[in-house]
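Going by my numbering, the first residue of the sequence shown is number 202, and it counts up by one from there.
Yeah, the Cβ is synthetic: ideal placement off N, Cα and C, and Gly gets one too.
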Amino acid sequence: MRKTIAAGTVVFLGFAVFFAPAGILRTWVPPEVTLVNPAGTLWQGHAQLIVRGRPLGELQWRINPAAMLNAALRYDLGLRTAHDNLAGTIEVLPLADTTRIEVSGRLSAGAINEWLRPYQISLSGSFRLDNVELTFTGRTPTAANGTITWTGGPVTYVLSGKTSTGNLPETLAYLGDIPQAVVFEVGGQTPLMRAELLANGYAKIGITKYLTRLLNAPWPGSDPDHAVVLEVEEQVF
């Protein structure tokens with residue numbers, strides 16, 4: 202009798218886990234992330250993704266059961282809007298307190314402009330992400346990899362209370378350990394921007410003198426073109 206009850210309990214728990222509703226994921230995501238109208242199950246489903254109050258599109262997920270053999274929880278992800286299409290994975294290794302996120306695909310400038318709006322900057326064109334990977338230990342970013350290409354084009358920005366426009370060439374950002382990113386004009390060797398994810402969850406972005414010259418707003422002084430002349434920080438995690 203006890204064996205029958207135990208076997209029944211195991212079967213019941215197995216079905217409960219297998220058919221666990223997608224809404225459970227709401228309790229797993231960070232506080233700055235919201236999943237709206239989740240549908241499906243814990244294993245496969247979809248929801249509208251909102252990060253820091255900004256709608257990002259429909260997130261789709263499917264669990265990768267093979268990763269469990271390595272004591273990892275891995276999901277294959279997709280994020281789509283009318284203009285954007287991203288695919289990637291998120292892998293959590295609980296024993297190492299490590300999370301890896303990898304993304305590839307295309308983003309419209311409109312999606313990026315939502316994050317640039319507080320800085321009164323507006324871009325055009327689109328972005329291509331190639332094997333962009335971020336690694337976190339706990340909630341601290343510890344490594345990055347991959348490249349991001351921007352098609353370039355018109356840029357609108359506000360400087361000293363005056364709205365200005367410029368036209369930038371195609372650019373390529375290289376992501377590397379620390380984690381950080383360095384942006385170059387395609388085919389060029391002088392950096393335009395430097396960005397770094399800090400352990401406190403802030404992103405630090407520096408603009409070089411060369412970029413100010415390309416925007417027809419050259420920074421005064423005798424600094425070399427590669428020198429960072431303007432820097433801002435924004436909390437992202």
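Nearest candidate by alpha-carbon position, reference Gly-407, set Pro-355, Ala-382, Val-387, Arg-329: Ala-382
Paired residues, beta bridge with Trp-351 - DSSP: Phe-328, Thr-372
Secondary structure of Pro-256, DSSP reduced to three states: strand
Beta-carbon separation (whole angstroms), Gln-245 vs Asn-238, contact threshold 8 Å: In fact, because the Cβ distance is near 16 Å, the residues do not count as touching under 8 Å.
Whole-angstrom C-beta distance between Leu-280 and Gly-258, which should lie under 8 Å: 5 Å
Residue environment, Thr-228, which counts as buried when at least 16 other CB atoms sit within 10 Å: exposed
As assigned by DSSP and simplified to three states, the class of Arg-340: coil
Within 8 Å, strictly: CB atoms of Gly-367 and Asn-417: yes
Val-430 versus Leu-260: straight-line alpha-carbon distance, rounded: 38 Å
Residues that DSSP places opposite Asp-277 in a beta bridge: Arg-263, Thr-290
Limits of the unbroken alpha helix (DSSP H) element including Tyr-403: Here Tyr-403 belongs to no alpha helix (DSSP H); instead the beta strand (DSSP E) covers 403-409.
The stretch 370-380 in contact with the stretch 339-350 per 3-pair CB rule at 8 Å: yes
Residue from Val-433, Ala-310, Phe-337 whose Cα sits closest to the Cα of Gly-326: Ala-310
Where Phe-213 falls, given that 16 or more other Cβ within 10 Å makes a residue buried: Caution applies to Phe-213, whose pLDDT of 32 falls short of 50 and renders its modelled position unreliable; the model cannot decide the point.
Inter-residue Cα distance where the pair is Glu-386 and Ser-365: 21 Å
Backbone CA spacing between Ala-404 and Val-252 [nearest angstrom]: 16 Å
Beta-carbon contacts of Glu-480 that lie in its chain and below 6 Å, excluding the five residues immediately before and after: Beyond the ends of the chain as shown, which are 202 and 438, falls residue 480; an answer cannot be given.
Whole-number beta carbon distance between Ile-291 and Ile-302, since they are thought to touch under 8 Å: 5 Å
Of the residues Val-356, Asn-401, Leu-270, Gly-306, the one placed nearest Thr-341, counting alpha carbons only: Asn-401
Continuous beta strand (DSSP E) stretch holding Glu-303: start and end: 299-309
Pairwise C-alpha distance: Ala-273 and Ala-207: Residue confidence is low: Ala-207 scores 38 on pLDDT, short of 50, so the model does not pin down where it sits. Its coordinate-derived value is still stated next. Roughly 27 Å between the two C-alpha positions.
Buried or exposed by the 16-neighbour rule on C-beta atoms within 10 Å, applied to Arg-275: buried
Coil, strand or helix - Glu-397 by DSSP: strand
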